[in-house]
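S.K.:
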Amino acid sequence: MSLPMFEVERPQSLGEALKILSEVKGAEPIAGGTNLMVDMRKGTHRPRVVVDVAALRDLHGIEATGPEVVIGAATTIAEMLESPILMKHAPVLVLACSSFANALIRNRATVGGNLVTAAPCSDTAPALLTLDAEVKLASVRGTRRVPLDRYLVSAFSTVRRSDELLVSVRFPIPSATAAAAFRKMGLRKVSCMAKVDVAVMLDADAAGRCTNARIAIAAASPIAVRARAAEAALVGKPITPEAIAAAAGLTAKAAAPRAGSEYKLSVVQGLARRLLAEAARALERGGTHA
Ligand SMILES: Cc1cc2nc3c(=O)[nH]c(=O)nc-3n(C[C@H](O)[C@H](O)[C@H](O)COP(=O)(O)OP(=O)(O)OC[C@H]3O[C@@H](n4cnc5c(N)ncnc54)[C@H](O)[C@@H]3O)c2cc1C
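Letter 169 of the sequence shown, counting from 1, is numbered 160 in the numbering used here, and no numbers are missing.
Shown next as structure tokens:
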């Protein structure tokens, strides 16, 4: 299918981009274009004007500033994959990026585009949920920060308003003793969309009692979600195989696959059990990742 006619705006600053989005009817941002161009070809998106935000300086960079890590929205998946800051502080996100599409797509696709699209099978969302991430949205009216689990509403739906740009995603630097794991299950080992994603992060005190548990799933419910009941079941207790099995069962209860995809419930449960066990073993070795 051929592309419909559209105009391209290339703003030189964040302020200019926000002004265009607020004033030009039918204007839509574009970053890597790996979703938008496909949608435009299919005819499901028909922006009259696309506002190219990929080169905006305010939307770039990965920084560890004080207690948090900040990732510019136009940062590509390939850049995240190679970031020493993310390897040190957020290996769960690097693991998610390593399973993302293929090298060609990873070179264009951005974390902002991934979170704005809000596909049920987003690979960055579950990893970022275990990092307790929040997004920064900007418009001509000002900026607001929204926790990722409140930003994501449902399949392809977020609280972002049409004149807002996603500027950055940020998360508190996890404790140095925490351990994390991520697994994507798809139809192939590479270059496929997730059938199920599971991400976990665990922390424990010197006595082996769980002090923090975060578990998130994607592609097994309309949008990526935290398995809060499973997390609560772990915190305050020793991380035993029994506790892990119970938490894995509760993780499956957080899933809500479409009719015909009920097999995903047992995949979520099995993956959660495996990843929690891997993270628990990594905790015993001193943390970071499984
Ligand atoms: C072959 C192929 C394989 C893929 N594999 C995967 C995969 O394995 N895992 C996965 O999660 N996804 C995958 N995707 C989907 C896609 O690559 C990702 O969602 C990607 O991260 C989108 O980023 P982008 O920069 O290309 O977004 P774009 O296509 O540029 O934009 C997507 C949407 O976000 C909006 N947008 C972009 N940036 C901003 C911003 N800063 N502020 C506000 N709105 C913005 C656009 O207006 C548009 O609505 C795949 C896509 C293709 C074509």
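Idealized CB from N, CA, C, for every residue including glycine.
Quick check on DSSP: helix, strand or coil for D194?
M.R.: Strand, per DSSP.
S.K.: In terms of residues, what are the limits of the alpha helix (DSSP H) holding E73?
M.R.: No alpha helix (DSSP H) holds E73; DSSP gives it neither H nor E.
S.K.: Could you give the C-beta distance for A129 and L266, rounded to a whole number, given that I count them as a contact under 8 Å?
M.R.: Actually they do not touch by this definition, with Cβ atoms about 35 Å apart.
S.K.: Return the chain-ordered list of same chain residues with a C-beta closer than 6 Å to the C-beta of T25, the five sequence neighbours on each side being excluded.
M.R.: Here the set comprises I96, R99, A100.
S.K.: Should A243 and L256 be called a contact, given that it needs their Cβ atoms to be closer than 8 Å?
M.R.: Taking 8 Å as the Cβ cut-off, A243 and L256 qualify as a contacting pair.
S.K.: First and last residue of the beta strand (DSSP E) that includes V370?
M.R.: One cannot answer for residue 370 here, as it falls past the ends of the chain, which runs -8 to 281.
S.K.: Should A210 and S148 be called a contact, given that it needs their Cβ atoms to be closer than 8 Å?
M.R.: No, the Cβ-Cβ distance between A210 and S148 is not below 8 Å.
S.K.: Taking the alpha helix (DSSP H) that R82 belongs to, which residues open and close that run?
M.R.: Checking the sequence, you will find Pro at residue 82 rather than Arg. That run of the alpha helix (DSSP H) goes 82 to 89.
S.K.: Any heavy atom of ligand 1 closer than 7 Å to the Cβ of L157?
M.R.: Yes, since a heavy atom of ligand 1 falls inside the 7 Å radius drawn around the Cβ of L157.
S.K.: Going by C-alpha to C-alpha distance, which of R219, G63, V259 sits closest to D188?
M.R.: The shortest C-alpha separation from D188 is found at V259.
S.K.: Kindly examine ligand 1 and report whether one of its heavy atoms sits closer than 7 Å to the Cβ of R99.
M.R.: Flag set: Cβ of R99 near ligand 1.
S.K.: Could you tell me the distance, in whole angstroms, from the CA atom of G104 to the CA atom of G57?
M.R.: Spanning the two alpha carbons is a distance of roughly 26 Å.
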